[in-house]
Amino acid sequence: MSFSAWPLVPRMTCVLNPAFLLWLFTGYSIPLAEIILTFDRLWALYFPLSYSRTSLKRVFITINVISLISLLLTIFDIAESWIEESGKTTMISQGCYLDAYTKITYYGSYFAKVLLYLICCIFYMPVLWKVRKIMSTSMNRKMRATVRGSLAIGLLIVALLGCIILPILFLTYLFPSSNGFLIYANLLMLKPWMNVIVALLLFKDLRTTIREILSSALKLPCREKSVVSVKSPSTIL
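Encoded structure:
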């Protein structure tokens, strides 16, 4: 089938395709979620007592706020595309979805991801410093487990660079009009979002672990006092 035989469709038909909308939504939501997870690690390591008292309801509210912000940014991109692309047509050939991008929408969206990624890295530096300090001074098994959970967030940040930021940059230049690129990007976007859901499910276990560490540290002096109080009558007798 020749390229001239491909039908012409309104560009907004491509923009409003569900796969393209998923691409826009996850493009913002995943870096934002990574930032929130990094703040979560900072909170857990630097303020464990306050973290242990946090309710799961607040965590769900935070996730909902991330989703709402991402949804609003997606709607803004769609509105911008509507203004730029209204009345224009494009061929359903190799790049119906990517051809629907305006320069502002595409490059603005990409560099927004890069900016959010850099913010993730900057905020994660204090986490690494605290992890290094704990691993060198603390022998508590549960505390080390908390540290390993914090390092896992760092792996998610590295995965964000290796699986999304760099591949999108390379594939944009290699296959600028490929629908396969959009499918590839959407599949990659889904896995980090699933990691956010898993981290949300593990929040309760992490909070419980911190509570146990704090309670054991607080109970230790009490036990020593109780031993002294028991021995004192025997010495008197």
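Residue 153 in numbering that gives the first Met the number 0 is what sits at position 154 of the sequence shown, and the numbering runs on without skipping anything. Beta carbons: idealized from backbone N, C-alpha and C, even for Gly.
Distance between beta carbons of residue j and residue i, contact taken as under 8 Å
i    : j    : result
S69  : L20  : 11 Å between Cβ atoms; not a contact.
T61  : C119 : Contact doesn't hold; Cβ gap of about 16 Å is too wide.
V14  : I77  : 6 Å
M124 : W81  : Not a contact, Cβ separation roughly 40 Å.
Which listed residue (the options) has its alpha carbon closest to that of residue i
i    : options                : result
I65  : W22, C119, K56 and I35 : I35
R52  : W42, T61 and I60       : W42
L127 : S54, R40, W22 and G26  : R40
L71  : L48, F110, G26 and I82 : G26
K132 : E33, L48 and L44       : L44
Spatial distance of residue i from residue j (CA atoms)
i    : j    : result
I29  : T73  : 13 Å
Y116 : F24  : 16 Å
G94  : N63  : Confidence at G94 is low in this model, with a pLDDT of 48, below 50, so the placement of that residue is unreliable and no value is reported for it.
R57  : P17  : 30 Å
F75  : V113 : 19 Å
I121 : E83  : 35 Å
P47  : F59  : 19 Å
L67  : S54  : 21 Å
E79  : E33  : 26 Å
S49  : F110 : 35 Å
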